[in-house]
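Position 44 of the sequence shown, counting from 1, maps to 237 under our numbering, and the rest follow consecutively.
Ideal Cβ positions, reconstructed from N, Cα and C, are used throughout, including at glycine.
Computed from a predicted model, the values in this text were never measured in an experiment.
To start, the structure itself, in structure tokens.
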Amino acid sequence: MPKKRRSTKSRIVKAAWNLFYKNGYENTTVDDIIAASKTSKGTFYHYFKGKEALLNSLSYLFDDKYEELAGIVDPSLSAREKLLFFNHELFQMIEDSIDVSLLAYLYSSQLITKDKRSLLESKRYYFTWLTETITEAIKSGEFRDTSTPQELLKIYAMYERALLYDWALCQGQYSLTEYSDRLLPHVLDQFVEGI
């Protein structure tokens, strides 16, 4: 996708989710989103059928965060350290700026949709970055080669989805970031030791 098209779509998504968090989903209108994203009605409807379609766009927001982090992460960090950093920063962003009820709606809609499931879309930046990072870690010997990069990617992605699902199920009653900061090192230890 051309960069301009993606950045326009990303701008709409970011504006919408910011407004959903600040004002609530029901109190946010398409006109509010258009104004906040500095786009036109035609541009908005080029990318989305309506406000409801934005509920499935949360994965784009996650990908934008991953792209931002990829630009600032210290390249000398180990893959394990990078994964810990990315997870911490993504979960902190979710905890600070995503309404837990909207996250719950996204998860429930992904289970029943007949369209593609955005959380599993393999072309997402999230999966591309993770695949590259895990593959490099296996090649360098940081992660044992008892599993393929695809197997470790699946475990990592399931771990993140499980924590997000549980946090939404518990209506955000605990710190998502702190909980993951305690658990993820143990998951990644298994990548190092071999599964």
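Reference residue i; option with closest CA among the options
i: SER250; options: ASP292, LEU262, LYS202; result: LYS202
i: VAL206; options: SER233, GLU219, PHE241, GLY217; result: PHE241
i: ALA208; options: LEU295, ASP338, LYS231; result: LYS231
i: LEU369; options: LEU295, LEU299, ASP257, ILE287; result: ILE287
i: GLN343; options: PRO378, GLU371, PHE384, TYR372; result: PHE384
i: SER301; options: GLU386, LEU362, ASP225, PRO378; result: LEU362
i: ASN220; options: GLU260, ALA263, ARG204, LYS244; result: LYS244
i: THR328; options: ARG204, TYR298, TYR372, LEU276; result: LEU276
i: ASP224; options: ASN216, GLY217, SER233; result: SER233
i: LEU295; options: LEU247, GLY235, ALA355; result: LEU247
i: ASP256; options: ALA330, LYS316, ARG337, GLN364; result: LYS316
i: GLU282; options: VAL266, ALA297, ILE331, GLU335; result: VAL266
i: PHE284; options: LEU346, SER200, LEU262, TYR218; result: LEU262
i: ARG354; options: TYR238, PHE213, LEU212, SER252; result: SER252
i: LEU254; options: TYR319, GLU371, GLU335; result: TYR319
i: TYR349; options: TYR298, THR324, GLU260; result: THR324
i: ILE314; options: LYS347, GLU371, TYR352, SER200; result: As written in the sequence, residue 314 is Glu, which differs from the Ile given in the question. Comparing Cα positions, the closest option is LYS347.
i: GLU386; options: ILE331, TYR358, MET351; result: ILE331
Under the three-state DSSP convention, the category residue i falls into
i: THR222; result: coil
i: ASP256; result: helix
i: VAL266; result: coil
i: ASP338; result: coil
i: GLY365; result: coil
i: LYS196; result: Interpretation of LYS196 is limited by its pLDDT of 46, a score under 50 that renders its predicted location unreliable; no figure is taken from the coordinates.
i: THR326; result: helix
i: SER271; result: coil
i: ALA354; result: It should be noted that the sequence gives Arg, not Ala, for residue 354. ARG354 falls in the helix class under three-state DSSP.
i: ILE227; result: helix
i: THR232; result: coil
i: SER315; result: coil
i: LYS242; result: coil
i: LEU376; result: helix
i: ASP292; result: coil
Inter-residue CB distance, residue i and residue j (contact presumed, cutoff 8 Å)
i: ILE291; j: TRP210; result: 7 Å
i: ILE388; j: THR339; result: 6 Å
i: TRP322; j: TYR367; result: Contact flag wrong, Cβ pair sits at about 27 Å.
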